[in-house]
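*Asks:* First residue of the sequence shown? That's 24 in the numbering used here, and the numbers climb one at a time after it.
Glycine included, each C-beta is placed from N, C-alpha and C at the ideal position.
Nothing here was measured: the structure is a model prediction, and the numbers come from that model.
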Amino acid sequence: MSSLNQNQNIGISVSICLFCYTENQKKVLTVINNEEPYKGALILPNKILNANESLEDVCSEILKYNIGNSNIYVEQLNAFGKLYRHPNGRIICISFYGLINLEKDKVILNEKSGASFTGLDSNIDLAFDHNDMINMALKRIKRRMKYRPLGKNLLPDQFTMNELEGLYASFLSKKFDKRNFRRRILEMDFLREIKKVQRNTRGRKAILYEFDPKKYKNYSKTGF
Numbered sequence: 024m025s026s027l028n029q030n031q032n033i034g035i036s037v038s039i040c041l042f043c044y045t046e047n048q049k050k051v052l053t054v055i056n057n058e059e060p061y062k063g064a065l066i067l068p069n070k071i072l073n074a075n076e077s078l079e080d081v082c083s084e085i086l087k088y089n090i091g092n093s094n095i096y097v098e099q100l101n102a103f104g105k106l107y108r109h110p111n112g113r114i115i116c117i118s119f120y121g122l123i124n125l126e127k128d129k130v131i132l133n134e135k136s137g138a139s140f141t142g143l144d145s146n147i148d149l150a151f152d153h154n155d156m157i158n159m160a161l162k163r164i165k166r167r168m169k170y171r172p173l174g175k176n177l178l179p180d181q182f183t184m185n186e187l188e189g190l191y192a193s194f195l196s197k198k199f200d201k202r203n204f205r206r207r208i209l210e211m212d213f214l215r216e217i218k219k220v221q222r223n224t225r226g227r228k229a230i231l232y233e234f235d236p237k238k239y240k241n242y243s244k245t246g247f
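Structure representation (structure tokens):
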């Protein structure tokens, strides 16, 4: 292996695609870029990796700074290294992705960084190649949803079938027949019906469900 060229001047950054489900749509954590190029544009939270830092250290720092909580599980997504992805020079970005539950996980959005959860049900335009990162992360989540349950990290402890359907419809970008969705979900047998109901805006009663922890965990490991 040849020795490293000290004059290569290649930078490495870390970014995070952090998704939530709220107000009946999927959202991603964004911040406002505070420097050129693209000053004032929406971007994913990110940070340059220093020589004495691990990728995990930087992920924790990004989360702590922008949402006040570093105890969020994230997975490595991919490396983004197109030659001219960053106007300021050669910077390779290692992207991570994760899910957060805004009702269960403590979140304090950093006003200084402009941190907010931006809706994805309509197109958004992020600077650099951050849209590519979001799209790749969503494709990864879609693939997993086809053979593993999703919801425990995104929904409240108790939820209606309509809320679960809305979650799947949003992340899979498709509409379901309500009866077929209900039948297929109940056949998987990882939900428990709760002995109480919730009234919707029309005053109709809706049955509440919760995930069966043991069966949910088993499906998460083995798949449907």
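#1: Given a cut-off of 8 Å, decide if L177 and Y44 are closer than it, judged by their beta-carbon atoms.
#2: So which of K105, G63, G121 and Q99 has the shortest CA-CA distance to G137?
#3: Return yes when at least one heavy atom of the ligand HEM lies under 7 Å from the C-beta of V97, else no.
#4: Roughly how far, in whole angstroms, is the beta-carbon of K49 from the beta-carbon of F204, given that I think they are within contact range, below 8 Å?
#5: From the DSSP output, which residues share a beta bridge with G142?
#6: Since F204 is in the alpha helix (DSSP H), which residue starts that stretch and which ends it?
#7: Measuring CA to CA, which of N146, F103, E46 and F140 is closest to I35?
#8: In the DSSP assignment, the beta strand (DSSP E) including S118 goes from what residue to what residue?
#9: Excluding sequence positions up to five away, which residues of its chain have a Cβ less than 7 Å from the Cβ of S26?
#10: Can you tell which of G91, I164 and E79 has its C-alpha closest to the C-alpha of K131?
#11: Could you give the residue range of the beta strand (DSSP E) that holds L41?
#12: Taking the alpha-carbon positions, what's the N124 to L143 distance?
#13: On a CA-only basis, which of P172, S243, N56 and E186 is nearest H153? Give me that one, please.
#14: Under a three-way DSSP split, which group does K219 fall into?
#15: Give me the residue from V51, N241 and K70 with the minimum Cα distance to L122.
#16: Excluding the 5 residues flanking K165 on each side, which residues of the same chain have their C-beta closer than 7 Å to its C-beta?
#17: Does DSSP classify N57 as helix, strand or coil?
#18: With DSSP run on the structure shown, which of helix, strand or coil describes L214?
#19: Alpha carbon to alpha carbon, how far is N69 from V37?
#20: In angstroms, rounded to a whole number, what distance separates the CA positions of I114 and M211?
#21: What would DSSP say about E126, mapped onto helix, strand or coil?
*Replies:* This is what the structure holds:
#1: Position 21 of the sequence shown, counted from the first residue, corresponds to residue 44. Position 154 of the sequence shown, counted from the first residue, corresponds to residue 177. Cβ atoms of Y44 and L177: closer than 8 Å.
#2: Against the sequence shown, residue 137 aligns to sequence position 114. It is G63 whose Cα lies nearest to the Cα of G137.
#3: Within the structure as shown, the ligand HEM is missing, as the structure has no ligands at all.
#4: Reading the sequence shown from its first residue, position 26 is the one you call residue 49. Reading the sequence shown from its first residue, position 181 is the one you call residue 204. Not confirmed; about 17 Å, so no contact.
#5: Indexing the sequence shown from 1 puts residue 142 at position 119. Answer is K50.
#6: Position 181 of the sequence shown holds residue 204. Its alpha helix (DSSP H) spans residues K201 to M211.
#7: Mapped onto the sequence shown, residue 35 falls at position 12. Residue F103 is the option with its Cα nearest to I35.
#8: Position 95 of the sequence shown, counted from the start, is the residue given in the question as residue 118. From DSSP, the beta strand (DSSP E) with S118 extends over I114 to L122.
#9: Numbered from its first residue, the sequence shown carries residue 26 at position 3. Only weak support is given to the placement of S26: the predicted model assigns it a pLDDT of 48, under 50, and the question is left unresolved by the model.
#10: Here residue 131 corresponds to residue number 108 of the sequence shown, with the count starting at 1. The identity of residue 131 in the sequence shown is Ile, whereas the question assumes Lys. Of G91, I164 and E79, the residue nearest in Cα terms is G91.
#11: The sequence position of residue 41 within the sequence shown is 18, counting from 1. Its beta strand (DSSP E) spans residues G34 to T45.
#12: Taking the first residue of the sequence shown as position 1, residue 124 is located at position 101. Taking the first residue of the sequence shown as position 1, residue 143 is located at position 120. Spanning the two alpha carbons is a distance of roughly 16 Å.
#13: Mapped onto the sequence shown, residue 153 falls at position 130. The candidate whose alpha carbon is nearest that of H153 is N56.
#14: Residue numbering aside, residue 219 sits at position 196 when the sequence shown is read from its first letter. Note: K219 maps to strand in three-state DSSP.
#15: In the sequence shown, residue 122 corresponds to position 99, counting from 1. Ranking V51, N241 and K70 by Cα distance to L122 puts V51 first.
#16: Locating residue 165 in the sequence shown gives position 142, counting from the first residue. Closer than 7 Å at the Cβ level, and outside the excluded window around K165, lie F194 and L195.
#17: On the sequence shown, position 34 is the one that residue 57 refers to. In this structure, N57 counts as coil in the three-state DSSP scheme.
#18: If you number the sequence shown from 1, residue 214 lands on position 191. Looking at L214 - three-state DSSP - the assignment turns out to be strand.
#19: As a first step, residue 69 is located in the sequence shown; it is residue number 46 there, counting from the start. As a first step, residue 37 is located in the sequence shown; it is residue number 14 there, counting from the start. Taking the straight line joining both Cα atoms gives about 5 Å.
#20: Taking the sequence shown and counting its residues from 1, the one referred to as residue 114 is at position 91. Taking the sequence shown and counting its residues from 1, the one referred to as residue 211 is at position 188. In a straight line, the C-alpha of I114 is about 45 Å away from that of M211.
#21: Translated into positions along the sequence shown, residue 126 becomes position 103. Coil at E126, not helix or strand.
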